[in-house]
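Read top to bottom, the protein sequences are chains A and B.
Going by UniProt numbering, the first sequence wraps up at 246, each residue one higher than the last.
Going by UniProt numbering, the second sequence wraps up at 246, each residue one higher than the last.
Even glycine gets a Cβ: it sits at the ideal position worked out from N, Cα and C.
Below: the structure, in structure tokens.
There are 2 protein chains.
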Amino acid sequence: MSAKSDPGRSLALLWGSHTRPGRSGLTVRAIVDAAIELADAEGLEAATMRRVADKIGSGTMSLYTHVPGKAELNDLMVDTVLGELYNGVDDPSGRGGWREGLRYVAERNWDVGLRHLWLLDATGGRPTLGPNAVLKYEAELRVLDGIGLTDLQMDSVLTLVLTHVEGVARSHAGLVRAQRESGLDEQEWWRATAPVLERVMAGHDFPVAGRVGEASSQVYQASADPAHAFAFGLDVILDGVQRLMK
Amino acid sequence: MSAKSDPGRSLALLWGSHTRPGRSGLTVRAIVDAAIELADAEGLEAATMRRVADKIGSGTMSLYTHVPGKAELNDLMVDTVLGELYNGVDDPSGRGGWREGLRYVAERNWDVGLRHLWLLDATGGRPTLGPNAVLKYEAELRVLDGIGLTDLQMDSVLTLVLTHVEGVARSHAGLVRAQRESGLDEQEWWRATAPVLERVMAGHDFPVAGRVGEASSQVYQASADPAHAFAFGLDVILDGVQRLMK
DNA sequence: AGCCTGTACCGTACGACGTACGCCAACTGA
DNA sequence: TCAGTTGGCGTACGTCGTACGGTACAGGCT
Chain A
1 MSAKSDPGRS LALLWGSHTR PGRSGLTVRA IVDAAIELAD AEGLEAATMR RVADKIGSGT
61 MSLYTHVPGK AELNDLMVDT VLGELYNGVD DPSGRGGWRE GLRYVAERNW DVGLRHLWLL
121 DATGGRPTLG PNAVLKYEAE LRVLDGIGLT DLQMDSVLTL VLTHVEGVAR SHAGLVRAQR
181 ESGLDEQEWW RATAPVLERV MAGHDFPVAG RVGEASSQVY QASADPAHAF AFGLDVILDG
241 VQRLMK
Chain B
1 MSAKSDPGRS LALLWGSHTR PGRSGLTVRA IVDAAIELAD AEGLEAATMR RVADKIGSGT
61 MSLYTHVPGK AELNDLMVDT VLGELYNGVD DPSGRGGWRE GLRYVAERNW DVGLRHLWLL
121 DATGGRPTLG PNAVLKYEAE LRVLDGIGLT DLQMDSVLTL VLTHVEGVAR SHAGLVRAQR
181 ESGLDEQEWW RATAPVLERV MAGHDFPVAG RVGEASSQVY QASADPAHAF AFGLDVILDG
241 VQRLMK
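Laid out in structure tokens, this is it:
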């Protein structure tokens, strides 16, 4: 009997029109767009109900006429942005074999993650199942259709690739956020951290970590290199998938 | 000149003793333990300064005598929990080849993610570099040492495996959280969602997504199966890593 | 013993957040 | 014209992290 959240209400909103204006021209679309702009510019935590309302020149509580609450607004933001992924002409299937197709899928998801650093903060939990999310699932599955995988394997392979991309994109977003919040870029941060770390670790011995950590941080000039992790991991995963095909 | 956050201060705290009590017996250790208990039981958002203080019977602001702020408390929570991973006797290296070693690393990380569902919410951004994090890095790298990989490859392979585990663990944590917050388990959620989704998707056509989605949800009885994704992805990744060795 | 100074502790308050509630004004249909 | 409905929104509540300033205890000095 807990009326916490009604999946039906959210779904209807997600698949609704978003453009029917109220008395003062307020639309769902305008609310969602304003929220996305705020999140793009300053991170998801900047997309508060108050600031979204200010941005479109309405009272804070007017938003609730068009959107049940913050959670549903988040879902709308996510599904809207997923619409950027495959715009009809860029169908990921039919561009060579499954390998090129999967690579394209990974690259598109990586791109959208870079463009909207808040995206992965807004997902998680149950999937959203808006129109663009379903379209995405369909488009991505098609690159794996008819090449000898079972339906379950198709889903598993796609999940694996997307999990990888989400992981490295989240890592990238985390670094950008850390830089914004600390005011220190990667090199400044390391210059501030390294001497303290060395002093505090004196006495302990970490031979392998010391050697490998030094090698990596010299090459990356950073505490991590998500772009490299993206490419390296994708190659390894695609090689591994190859063996499923036999 | 922005004095936002001082990496040195955090590091010193992380590597400090945590057990030196103040006038009323308050210690860093007690604060961190209380916060972890709250997060384990009710999620990271339950570990507020007020509730932590209540739990240990002190005033809210007394915590700030021992801990600079919420962010540093999070770091301490993370590093403390990472201490559970490898307790000396369970050294991941020296248990067969690299493949068994990597599998063990993945499983230990998966386990700790299940035990502390808030862990991945508390990480992200720059790495924490507390004693247990460094110990973890060293222990995990050792399973890849001396088997013909370059230092950079060692780091990349480990990152790949950990990114995978983090991704599926995050997915698992998301489902558990969704269940707690909505009061609906996976089957109830799907029973509430499916008919609405079908009605709203009428007219559109998603042949592959429909077929595959149905197959998966029948087998998993859920919107996703992180445990299966963990195992499937790990096998594929290990196969892919194999080709690096050659 | 008396006192001084540093610091552990903590009560209050501020500005953010999401949103419940209720009022007003503008539409709609009769 | 007037009643009923509904979009818009001002106020207020309970939450959060934490700045600030006061209180009272501990330890070192005379």
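Item: Best match in Gly83(B), Val236(B), Val157(B) and Ile31(B) for proximity to Gln153(A) [C-alpha to C-alpha]; Value: Val236(B)
Item: Start-to-end residues for the alpha helix (DSSP H) that takes in Asp75(B); Value: Lys70 to Leu82
Item: Arg142(B): contacting residues in chain A (beta-carbon distance under 7 Å); Value: Val208
Item: Residue from Trp98(A), Thr163(A) and Arg99(A) with nearest C-alpha to Gly113(A); Value: Thr163(A)
Item: Selected residue, minimal CA-CA separation from Gly57(B), among Arg95(B), Ile31(B), Met201(B) and Leu135(B); Value: Ile31(B)
Item: Check: Asp40(A) C-beta below 6 Å from any heavy atom of the ligand HEM; Value: As presented, the structure is devoid of all ligands, the ligand HEM included, so that no description of it is given.
Item: Residue-level contact to chain A via CB, Met154(B), 7 Å cutoff; Value: yes
Item: Unbroken alpha helix (DSSP H) run spanning Trp118(B), endpoints; Value: Element bounds for Trp118(B): n/a, residue is neither H nor E.
Item: Proximity test, Cβ basis, 7 Å: Met245(B) and chain A; Value: no
Item: Val143(B), DSSP secondary structure in three states; Value: coil
Item: Terminal residues of the alpha helix (DSSP H) in which Lys9(B) lies; Value: First, the residue type needs correcting, since residue 9(B) is Arg and not Lys in the sequence shown. Taken as a continuous stretch (DSSP letters only), the alpha helix (DSSP H) holding Arg9(B) covers Pro7 to Trp15.
Item: Contacts that Pro68(B) makes with chain A (C-beta to C-beta distance below 7 Å); Value: The contacting residues do not exist; Pro68(B) stays about 14 Å from chain A at best.
Item: Any C-beta of chain B under 7 Å from that of Gly97(A); Value: no
Item: Within chain B, partners of Ser17(A) - CB distance below 8 Å; Value: Within chain B, no residue comes near Ser17(A); the closest Cβ sits about 12 Å away, beyond 8 Å.
Item: Span of the alpha helix (DSSP H) around Val212(A); Value: Pro207 to Tyr220
Item: Simplified DSSP state of Tyr86(A), which is helix, strand or coil; Value: coil
Item: Residues within the UniProt domain "HTH tetR-type" (25-85) of chain B neighbouring chain A, beta-carbon criterion of under 8 Å; Value: none
Item: Within 7 Å of chain B by C-beta, residues of the segment 118-130 of chain A in sequence order; Value: Gly124, Gly125, Arg126, Pro127 and Leu129
Item: Extent of the continuous alpha helix (DSSP H) run through Asp155(B); Value: Asp151 to Ser182
Item: Nearest neighbour of His66(B), chosen from Gly101(B), Arg23(B), His116(B) and Glu42(B) [CA to CA]; Value: Arg23(B)
Item: Backbone secondary structure at residue 258(A) - three-state DSSP; Value: The question about residue 258(A) has no answer, for chain A in this structure spans 1 to 246.
Item: Integer-rounded CB distance, given that Glu72(B) should sit under 8 Å from Ser10(B); Value: 5 Å
Item: Closest Cα partner of Val208(B) within the set Pro131(A), Lys70(A) and Leu141(A); Value: Leu141(A)
Item: Through-space distance from His204(B) to residue 249(A), alpha-carbon basis; Value: Residue 249(A) lies beyond the residue range present for chain A, which begins at 1 and ends at 246; the question has no answer from this structure.
Item: CB-CB length for Val196(B) against Gly8(A), believed under 8 Å; Value: 4 Å
Item: Where Pro131(B) sits in the DSSP three-state scheme; Value: helix
Item: Where Val228(B) falls: helix, strand or coil (DSSP); Value: Checking the displayed sequence, the identity of residue 228(B) turns out to be His instead of Val. If DSSP states are grouped into helix, strand and coil, His228(B) belongs with the helices.
Item: Touching by the beta-carbon criterion (3+ pairs, under 8 Å), the segment 73-93 of chain B and the segment 101-112 of chain B; Value: yes
Item: Outcome for Arg177(B) when other beta-carbon atoms lying within 10 angstroms are tallied against a minimum of 16; Value: buried
Item: Test: Gly240(A) CB closer than 7 Å to a CB of chain B; Value: yes
Item: Beta carbon of Lys82(A) nearer than 7 Å to that of Ala122(A); Value: Checking the sequence, you will find Leu at residue 82(A) rather than Lys. Not a contact, by the Cβ cut-off of 7 Å.
Item: Enclosing alpha helix (DSSP H) for Leu197(B) [first to last residue]; Value: Glu186 to Val200
Item: Within chain A, partners of Glu198(B) - CB distance below 9 Å; Value: Simply none; closest approach about 10 Å.
Item: Interface positions of the segment 217-231 of chain B facing chain A (Cβ-Cβ less than 8 Å), listed along the chain; Value: Val219, Ser223, Ala224, His228 and Ala229
Item: Euclidean distance between Cα positions of Asp145(B) and Tyr137(B); Value: 12 Å
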